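Novice: Below is the structure I would like to discuss, written out as structure tokens.
Shown next as structure tokens:
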């Protein structure tokens, strides 16, 4: 089956207290998205990557990709106003039928193993949404009051959110709604059930300066493991 | 007001894949609980610490404390079967009225600033439960199906869970119930409202090998900051 990773990297990076969008921050001397794109390219020989960047950063993205092995399998497109619109632009580049991975550009530590498991489950069930258990107790807070939630039922959601194209493409053809916070919610809105899969604790989203420190540490560990 | 930190460190550490309970794992050459105890001792001149350890590790705890500045403000007691029983044993050591901080032994990166804020709020409102927002989307999963939760309402709960003794002591005099997963749930069960406060992302719970790596990194950063 054809495979496409739509890597969404349209954020402005304001939470990092940096003027560089976080997907371009350096990790071991290279921008985060270099590693994210590479993880997908290396996961399958026939994986194609659609990298969605803010319009002003497309040229910069091209420079980064120009250095990469397998660059012929990467297409860069300019994103839209919100994540929803960016994914929609990415989907214009794919052929059907296929399995589509929608992935956060700043989750650069995603493993080939997780990508493989998502692929297998999406093929079989139509979708695979990686998620991990919460380490801490969880409460729902509203109007100044809070109540405990059974922690065993809580799942923290990651990406790549992976779907068969015949589910994902129609979902992104509907009108945008407020509640569309990720691909799973977009797909549910057309009446499709989504299926979770076990994610990885290391598959973190780089959103704060601390996360970059963690990623750097993990990244060195992974490199040592590969070279060791 | 008198101040007591009950530091609960009764876990067996099985999740770390280590035969050493995780509260004794080394960080910069010293056991985790050394740093946890020190953080509380240094936060206020009149802070007393009750360190609750598994019975077999009390002697080891005494060796660790023997090296510390302010060791005269530390009491070590043997814990009970569950966290609930361990906290109850710790509470036998306090005088009232006081403000009591109940803290996970493996959250060794807690800051003096958070301890101070918890104290102020507990004095004023009766309780202070530190919590942070979720970075990822959150779902509630049940019977193989899952549904999205409004992320802005989700709070990940940390410690020190801080209370005025006149609220916490009666709460721990009730019978144990299944749903007692932390101090906040124990206090709610006697009909008291609990009050959240903003926690800290760095105030992580060391439960997996990855967490130890992160803690080591953060710990070095903090030391560098202190040393200027």
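Residue numbers (this note's numbering), protein chains in the order written: chain Y, 56 to 283; chain U, 56 to 283.
The C-beta atom is built at its ideal place from N, Cα and C for all residues, glycine as well.
Source: prediction; values computed, not measured.
1. On the three-state DSSP scale, how would you describe residue 165 (chain U)?
2. Kindly confirm or deny that the stretch 251–264 of chain U and the stretch 74–90 of chain U touch, where touching means at least three C-beta pairs closer than 8 Å.
3. Please compile the residues from chain Y whose C-beta is within a distance smaller than 9 Å of the C-beta of residue 213 (chain U).
4. Return no unless some Cβ of chain Y is closer than 8 Å to the Cβ of residue 253 (chain U).
5. Taking only runs of the beta strand (DSSP E) that begin and end inside the stretch 61–127 of chain U, which ones reach a length of at least 3 residues, in chain order?
6. In whole angstroms, what is the alpha-carbon distance linking residue 169 (chain Y) and residue 254 (chain Y)?
7. When the Cβ atoms of the stretch 184–202 of chain U are set against those of the stretch 209–225 of chain Y, are three or more pairs found closer than 8 Å?
8. Using beta-carbon positions only, say whether residue 167 (chain Y) and residue 106 (chain Y) come within less than 8 Å of one another.
9. Suppose contacts are defined by Cβ-Cβ distances below 8 Å. Is residue 60 (chain Y) in contact with residue 158 (chain Y) by that definition?
10. Looking at the secondary structure, which residues open and close the alpha helix (DSSP H) in which residue 239 (chain U) lies?
11. When the cut-off is 8 Å and only beta carbons count, does residue 85 (chain U) lie next to chain Y?
12. Indicate the three-state DSSP secondary structure (helix, strand or coil) for residue 152 (chain Y) in the structure shown.
13. Can you give the Cα-Cα distance for residue 156 (chain Y) and residue 165 (chain Y), rounded to whole angstroms?
14. Measuring CA to CA, which of Y:181, Y:247, Y:258, Y:207 is closest to residue 220 (chain Y)?
15. Within the continuous alpha helix (DSSP H) that includes residue 226 (chain Y), where are the two ends?
16. Considering only the beta carbon of each residue, do residue 142 (chain U) and residue 227 (chain U) sit closer than 8 Å?
17. Which parts of the stretch 179–233 of chain U are runs of the alpha helix (DSSP H), unbroken and 4 residues or longer, counting only runs that do not cross its ends?
18. Secondary structure at residue 159 (chain Y), three-state DSSP: helix, strand or coil?
19. Kindly say whether residue 197 (chain Y), judged by its beta-carbon, lies nearer than 8 Å to any beta-carbon of chain U.
20. By DSSP, does residue 58 (chain U) sit in helix, in strand, or in coil?
21. Tell me, please, which residues DSSP counts as bridged to residue 129 (chain U).
22. Applying the 10 Å Cβ sphere with the 16-neighbour rule, what's the burial state of residue 205 (chain U)?
23. Quick one: grab the DSSP three-state call for residue 255 (chain U).
24. Measuring only between beta-carbons, confirm whether residue 268 (chain Y) sits less than 8 Å from chain U.
25. Between the Cα of residue 272 (chain Y) and the Cα atoms of Y:223, Y:120, Y:163, which residue gives the shortest distance?
26. Could you check whether the Cβ of residue 91 (chain Y) sits closer than 8 Å to any Cβ belonging to chain U?
27. When the cut-off is 8 Å and only beta carbons count, does residue 143 (chain U) lie next to chain Y?
28. Pop quiz: residue 177 (chain Y) and residue 139 (chain Y) are said to be a contact at Cβ under 8 Å. What is the actual Cβ separation, rounded to whole angstroms?
29. Can you have a look at residue 144 (chain U) and say buried or exposed, based on whether 16 or more other CB atoms are within 10 angstroms of its CB?
30. State the DSSP-derived secondary structure class of residue 271 (chain U), mapped to helix, strand or coil.
31. Residue 225 (chain Y) to residue 239 (chain Y), Cα distance in whole Å?
32. Have a look at residue 172 (chain Y) and residue 207 (chain U) and give me their C-alpha separation to the nearest angstrom.
Specialist: The answer reads as follows:
1. In the second chain, residue 165 (chain U) corresponds to position 110, counting from 1. Coil at residue 165 (chain U), not helix or strand.
2. Contact check between the stretch 251–264 of chain U and the stretch 74–90 of chain U: three or more CB pairs, one atom from each, fall below 8 Å, which counts as touching.
3. Residue 213 (chain U) sits at position 158 when you count from the first residue of the second chain. The answer, in chain order, is 191, 192.
4. What you label residue 253 (chain U) is simply residue 198 of the second chain in a count that begins at 1. Residue 253 (chain U) does not count as touching chain Y.
5. 102–108
6. Translated into the one-based positions of the first chain, residue 169 (chain Y) becomes position 114. Translated into the one-based positions of the first chain, residue 254 (chain Y) becomes position 199. Each residue's alpha carbon lies about 7 Å from the other.
7. yes
8. Looking up residue 167 (chain Y) in the first chain gives position 112. Looking up residue 106 (chain Y) in the first chain gives position 51. Taking 8 Å as the Cβ cut-off, residue 167 (chain Y) and residue 106 (chain Y) do not qualify as a contacting pair.
9. Numbered from its first residue, the first chain carries residue 60 (chain Y) at position 5. Numbered from its first residue, the first chain carries residue 158 (chain Y) at position 103. Yes, the pair counts as a contact, with Cβ atoms nearer than the cut-off.
10. For the purposes of this step, residue 239 (chain U) is taken as residue 184 along the second chain, with counting starting at 1. First-last of the alpha helix (DSSP H) with residue 239 (chain U): 238–243.
11. As a position in the second chain, residue 85 (chain U) is number 30, starting the count at 1. By this cut-off, residue 85 (chain U) is not an interface position.
12. The sequence position of residue 152 (chain Y) within the first chain is 97, counting from 1. If DSSP states are grouped into helix, strand and coil, residue 152 (chain Y) belongs with coil.
13. Reading the first chain from its first residue, position 101 is the one you call residue 156 (chain Y). Reading the first chain from its first residue, position 110 is the one you call residue 165 (chain Y). Using only the alpha carbons, I get a separation of about 12 Å.
14. Locating residue 220 (chain Y) in the first chain gives position 165, where the first residue counts as 1. The candidate whose alpha carbon is nearest that of residue 220 (chain Y) is Y:181.
15. The count along the first chain starts at 1 and reaches residue 226 (chain Y) at position 171. Segment 220–226, the alpha helix (DSSP H) holding residue 226 (chain Y).
16. One-based indexing of the second chain puts residue 142 (chain U) at position 87. One-based indexing of the second chain puts residue 227 (chain U) at position 172. Result yes, Cβ atoms of residue 142 (chain U) and residue 227 (chain U) sit closer than 8 Å.
17. 220–227
18. In the first chain, counting from the first residue as 1, residue 159 (chain Y) sits at position 104. Of the three classes helix, strand and coil, the one that applies to residue 159 (chain Y) here is strand, per DSSP.
19. As a working mapping, residue 197 (chain Y) is identified with position 142 in the first chain. Flagged as an interface residue toward chain U: residue 197 (chain Y), by a C-beta distance shorter than 8 Å.
20. Within the second chain, numbered from 1, the residue matching residue 58 (chain U) stands at position 3. The answer is strand: DSSP assigns residue 58 (chain U) an E or B state.
21. For the purposes of this step, residue 129 (chain U) is taken as the residue at position 74 of the second chain. According to DSSP, residue 129 (chain U) bridges with U:104.
22. Counted from its first residue, the second chain places residue 205 (chain U) at position 150. Answer is exposed; the Cβ neighbour count stays below 16.
23. For the purposes of this step, residue 255 (chain U) is taken as residue 200 along the second chain, with counting starting at 1. Residue state, collapsed to three classes: coil.
24. For the purposes of this step, residue 268 (chain Y) is taken as residue 213 along the first chain, with counting starting at 1. Answer yes: the Cβ-Cβ gap between residue 268 (chain Y) and chain U drops below 8 Å somewhere.
25. Along the first chain, read from residue 1 onward, the residue named residue 272 (chain Y) stands at position 217. Answer by Cα proximity: Y:163.
26. For the purposes of this step, residue 91 (chain Y) is taken as residue 36 along the first chain, with counting starting at 1. No, because no Cβ of chain U sits closer than 8 Å to the Cβ of residue 91 (chain Y).
27. Residue 143 (chain U) sits at position 88 when you count from the first residue of the second chain. So no, residue 143 (chain U) is outside the interface.
28. Position 122 of the first chain, counted from the start, is the residue given in the question as residue 177 (chain Y). Position 84 of the first chain, counted from the start, is the residue given in the question as residue 139 (chain Y). Distance from residue 177 (chain Y) to residue 139 (chain Y) at the Cβ level is roughly 20 Å; contact not present, criterion being Cβ atoms closer than 8 Å.
29. Residue numbering aside, residue 144 (chain U) sits at position 89 when the second chain is read from its first letter. By the neighbour-count rule (16 or more Cβ atoms within 10 Å), residue 144 (chain U) is buried.
30. Position 216 of the second chain, counted from the start, is the residue given in the question as residue 271 (chain U). In the structure shown, residue 271 (chain U) sits in a helix (DSSP, three-state: H, G or I).
31. Along the first chain, one-based indexing puts residue 225 (chain Y) at 170. Along the first chain, one-based indexing puts residue 239 (chain Y) at 184. Taking the straight line from one Cα to the other gives about 13 Å.
32. As a position in the first chain, residue 172 (chain Y) is number 117, starting the count at 1. As a position in the second chain, residue 207 (chain U) is number 152, starting the count at 1. Answer to the nearest angstrom: the Cα atoms are 30 Å apart.
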